[in-house]
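These notes are about the structure you will find just below.
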Amino acid sequence: MEIKEESNRFVLLNDENKEIGEMTWSDAGTEMMIIDHTFVDPAYRGQKLAEKLVYNGVEKARREGKKIIPLCPFAKKEFDSKPEYGDVLRN
Numbered sequence: 303m304e305i306k307e308e309s310n311r312f313v314l315l316n317d318e319n320k321e322i323g324e325m326t327w328s329d330a331g332t333e334m335m336i337i338d339h340t341f342v343d344p345a346y347r348g349q350k351l352a353e354k355l356v357y358n359g360v361e362k363a364r365r366e367g368k369k370i371i372p373l374c375p376f377a378k379k380e381f382d383s384k385p386e387y388g389d390v391l392r393n
């Protein structure tokens, strides 16, 4: 499995380099990211891959000094259950 960053999205690739998931965001100004979509192919669910996609978004926000608004229901659930993401959550 590999996660690759493209323009406003992280793409999840399987071992055959086929796209099996993604997390997308919109930039809200220069200091904010809005996570608006997280998806993993049903055949690959249950492996914490969506969690890894959101984690990549959190790490990107930390590197770039941005805050995140998790509009996507999955990302919101991740932020609600992981207090360690609080540093990048926009209140």
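Residue numbering for the sequence shown follows this note's numbering, starting at 303 and increasing by one per position. We put the CB at the ideal spot given by N, CA and C, even for glycine. The model shown is predicted, which means the values in this text are computed figures rather than measured ones.
Cβ neighbour criterion (16 or more within 10 Å) applied to residue i
i	result
A352	buried
A345	exposed
P385	exposed
P375	exposed
K368	buried
Cut-off 8 Å between Cβ atoms - residues of its own chain near residue i, not counting five sequence neighbours on either side
i	result
S328	N310, M335, I336 and D338
V360	I370, Y387 and V390
N358	I305, E307, F312 and M325
A363	M335, K369, I370 and V390
L315	M303, E304, I305, K306, E321 and I322
Rounded separation between residue i and residue j - CA only
i	j	result
V342	G348	10 Å
T332	T340	22 Å
E366	K379	23 Å
Cut-off 6 Å between Cβ atoms - residues of its own chain near residue i, not counting five sequence neighbours on either side
i	result
V313	K306, E321 and E324
Per-residue DSSP class, three states only, for residue i
i	result
S383	helix
E321	strand
R347	coil
R311	strand
E366	helix
L391	strand
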